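For reference, the structure is listed below as structure tokens.
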Amino acid sequence: MTTPALLPLSGRRLPPLNLGASAFPHHRATLRLSEKFILLLILSAFITLCFGAFFFLPDSSKHKRFDLGLEDVLIPHVDTSKGGKNLGGFLIHGQGHDEHRHREEEERLRNKIRADHEKALEEAKEKLKKSRDEIQAEIQTEKNKVVQELKKKDSKPLPPVPLPNLVGINSGEPADPDIRERRNKIKEMMKHAWDNYRQYGWGHNELKPIARKGHSTNIFGNSQMGATIVDALDTLYIMGLHDEFREGQEWIDKNLDFSVNSEVSVFEVNIRFIGGLLAAYYLSGQEVFKIKAVQLAGKLLPAFNTPTGIPWAMVNLKSGVGRNWGWASAGSSILAEFGTLHMEFVHLSYLTGDPVYYNKVMHIRKLLQKMDRPNGLYPNYLNPRTGRWGQHHTSVGGLGDSFYEYLLKAWLMSDKTDMEARKMYDDAIEAIEKHLIRKSNGGLTFIGEWKNGHLERKMGHLTCFAGGMFALGADGSRDDKAGHYLQLGAEIAHTCHESYDRTTLKLGPEAFKFDGGVEAVAVRQNEKYYILRPEVIETYWYMWRFTHDPKYRQWGWEAAQAIDKYCRVSGGFSGVKDVYSSSPTYDDVQQSFFLAETLKYLYLLFSDDDLLPLDNWVFNTEAHPLPVLHLANTTLSGNPAYR
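Those letters in the sequence shown? Residues 1 to 643, by the UniProt record's numbering.
As structure tokens, this is what we get:
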């Protein structure tokens, strides 16, 4: 499949080609009038106004002045019998007053206008004597004042909400010295990634570790929103890197601004920014993260202004105008994007007491429940104008994946009370197992993609998250099939490990085939890259938590060593373009999800289970941990499952 340039880049989403920075230009408007010229325009307009007022002021000798005082007002004509003079339907009341006094007042008014006019000219002369830099500094000062006023206006205190029971946020030290050494190595890798971003890309969305400068893509619009800072915060916190965490918090407090003229991906901004800010808030208790998350959520709400309530893929943070990706089937929204909002939006309603966020995601759920599903499968495309499916393409990889993940996690996050979500998950997984999951000739279990009535025997790196999802959902599955789904998770983990083990670098390709004699190997050149993705390691971690089979820690360590050997450069970590080449070229991008997900899952893999225990925490699709909500304490009441 040829991938268009304008594609989302990370997490559960459609995989991009590794085209480098040139494929995702970061434009800034360059057509800008000079500040001095703008200032002259304003001054000339003011002077014109002054002259106009001076020359066109009404003459009292010809017309009666419209005075706003009580003693001399125009009133509608009602009765002329009281001695007043009738003028065209109005009475001029108080004709006997001294007209000389009015002439004096008008003269005083003219003198004031002359004085203001002269003062404006003097100010203009003084301004024009100043240098361009001085004028720019004054303009910037005024801008800063406006920004500060807006910040004060947006920073309304949120209602106090009881925090859920927060367990295991700073523990997990393993007793085994070898495991502890491996965990410390992962922490060192995190520090290397963060320190180089701090030095070369601070405030930018991501880092180009070889060019040693900032990097961004179209999913973040044209603004420097510090995506890596927000994405990395919770990883820094659980690793005990508190100085680095405070650096990030300070930047967010002073610089993270959402009132920018920038078009962003609703999905990416939700999972990385809102998810990251909420997790940082729950872990640290710092109010600034909650406030920023709520401010940003308000900027995303206009994306839901569609005929169906299915949100647009992109929204302009300033204007609120939304649209969909140009490459999506018939102008459709994408299942994995509009279906991956539930966790964060439920927490937003919980923290604010405002049901609007909860209502938005529940409306999406209700609409999906009413729709026919071919073979019980959810197609990846849905038109937000018509409410009809687009192309019948179903995937548990890019375009579909995290929709299924969030059905399961909605149930888990509700303390297993949202049975509606659990039923939707179970129904979907049964259809996926029936139509998409197969065994290869070599005995490898894989998840294919359904396209126009036939199964494509190809699996993406993104799809490898599903092994962990099956294990996570095993407990509570219908018909006592917990053992079956745990085994299915183990088989997917094995297949994805094979995709790593069959490469030269021991790192997995973006996609791999199961055709003929080719199994778990990439065939196309544009599918051989590795961009620091986390999904395989994520599945190793879940399988470790549920089985404690030591092979998962060993597989994770192999992957960590390969990343450190082949992706580490002096300026950070970079993706590689061909995992089958012994001397690969770099893509020169340190993805924000590498710090948010890949390194976090590795660190958790080598930690004890009391660090972020799964009975108390649910990870969003960007690996940001959110606490289980015991909903008796919440304000959510729209769904009987939540009552």
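Glycine included, every Cβ here is placed at the ideal spot set by N, Cα and C.
No experiment lies behind these values; they were computed from the predicted model shown.
Mapping the DSSP letters down to three states, classify residue i as helix, strand or coil.
i	result
Q590	strand
F345	helix
F338	helix
M459	strand
N184	helix
R388	coil
L507	coil
G83	The predicted model places G83 with a pLDDT of 41, which falls under 50 and marks its position as unreliable, so this point remains unresolved.
H630	coil
residue 649	This structure cannot settle anything about residue 649, because the visible part of the chain is limited to 1 through 643.
T417	coil
V396	coil
E445	Reading the sequence as shown, one finds Thr at residue 445 and not Glu. T445: strand per DSSP, three-state reduction.
H26	Since pLDDT at H26 reaches only 39, below the 50 mark, its modelled position is unreliable, and the value read off the structure follows with that caveat. Residue state, collapsed to three classes: coil.
T352	helix
N165	coil
Q224	coil
P374	helix
W327	coil
L158	coil
T585	coil
W202	coil
I429	helix
R502	coil
R110	helix
R524	coil
Have a look at the DSSP bridge pairing and note the partners of residue i.
i	result
L207	G214, Q590
P174	Looking at the DSSP assignment, P174 forms no beta bridge with any residue, so it has no partner.
P625	F619
Y530	V576
residue 644	Any answer about residue 644 is impossible in this case: the structure gives the chain only from 1 up to 643.
S333	L382
G322	V315
H454	K451
F512	M459
V569	G572
For the alpha helix (DSSP H) that contains residue i, what are its first and last residues?
i	result
R365	356-370
A520	No alpha helix (DSSP H) contains A520, which is instead part of the beta strand (DSSP E) from 518-521.
D610	Run containing D610: none; DSSP gives neither H nor E here.
D479	Per DSSP, D479 belongs to no alpha helix (DSSP H) and is neither H nor E.
K130	Where K130 is concerned, there is no enclosing alpha helix (DSSP H), given that its DSSP letter is neither H nor E.
Q554	550-566
Counting contacts by CB-CB distance shorter than 8 Å, is residue i in contact with chain C?
i	result
N170	Considering every chain present, this structure includes no chain C. It has just one protein chain.
How far does the beta strand (DSSP E) with residue i in it extend, from its first residue to its last?
i	result
E449	449-451
D401	Per DSSP, D401 belongs to no beta strand (DSSP E); it is in the alpha helix (DSSP H), 401-413.
I437	437-439
Practice problem: Spell out a yes or no on whether the stretch 387-403 and the stretch 312-324 are touching, meaning 3 or more CB-CB pairs, one atom from each, closer than 8 Å. | Solution: Touching, no.
Quiz item: If you pair each beta-carbon of the stretch 330-343 with each one of the stretch 284-295, do three or more pairs fall below 8 Å?
Solution: Note that the stretch 330-343 does not touch the stretch 284-295; fewer than 3 beta-carbon pairs, one per stretch, sit closer than 8 Å.
Quiz item: Just checking, does the stretch 556-574 make contact with the stretch 528-540 on the three C-beta pairs under 8 Å criterion?
Solution: With the cut-off at 8 Å, the stretch 556-574 and the stretch 528-540 touch.
Exercise. Report yes or no: do the stretch 247-254 and the stretch 228-236 share at least 3 C-beta pairs separated by less than 8 Å?
Key: They touch, by the three-pair rule.
Practice problem: Determine, using beta-carbon pairs with one atom in the stretch 605-618 and one in the stretch 182-201, whether at least three such pairs fall under 8 Å. | Solution: These segments touch.
Exercise. May I have a chain-ordered list of the beta strand (DSSP E) segments no shorter than 3 residues that lie completely inside the stretch 232-314?
Key: The stretch 232-314 contains these whole beta strand (DSSP E) runs: 263-265.
Quiz item: At a cut of 8 Å, does the stretch 584-604 reach the stretch 250-260 through at least three beta carbon pairs?
Solution: With a cut-off of 8 Å, the stretch 250-260 and the stretch 584-604 do not count as touching, because too few Cβ pairs lie within range.
Self-check item: the stretch 618-633 / the stretch 406-424 touching (three or more Cβ pairs under 8 Å)
Solution: Yes, the stretch 618-633 is in contact with the stretch 406-424.
Quiz item: Quick check: the stretch 370-378 against the stretch 431-440, are there 3 or more CB pairs under 8 Å?
Solution: Flag = yes, the stretch 370-378 and the stretch 431-440 touch.
Practice problem: Assess, as a yes-or-no matter, whether the stretch 483-494 is touched by the stretch 463-474 under the definition of 3 or more beta carbon pairs within less than 8 Å. | Solution: Counting C-beta pairs closer than 8 Å gives three or more between the stretch 463-474 and the stretch 483-494, which meets the contact rule.
Exercise. State whether the stretch 609-618 contacts the stretch 166-173, with contact taken as three or more CB pairs (one from each stretch) at a distance under 8 Å.
Key: Yes: at least three Cβ pairs fall under 8 Å.
Quiz item: Between the stretch 296-309 and the stretch 271-278, are three or more C-beta pairs nearer than 8 Å?
Solution: With a cut-off of 8 Å, the stretch 271-278 and the stretch 296-309 count as touching, because enough Cβ pairs lie within range.
Exercise. Could you tell me whether the stretch 470-480 touches the stretch 509-523, where touching means 3 or more Cβ pairs closer than 8 Å?
Key: Short answer: they don't touch.
Quiz item: Is the stretch 577-585 touching the stretch 504-511, taking contact as three or more C-beta pairs under 8 Å?
Solution: At 8 Å Cβ cutoff, the stretches touch.
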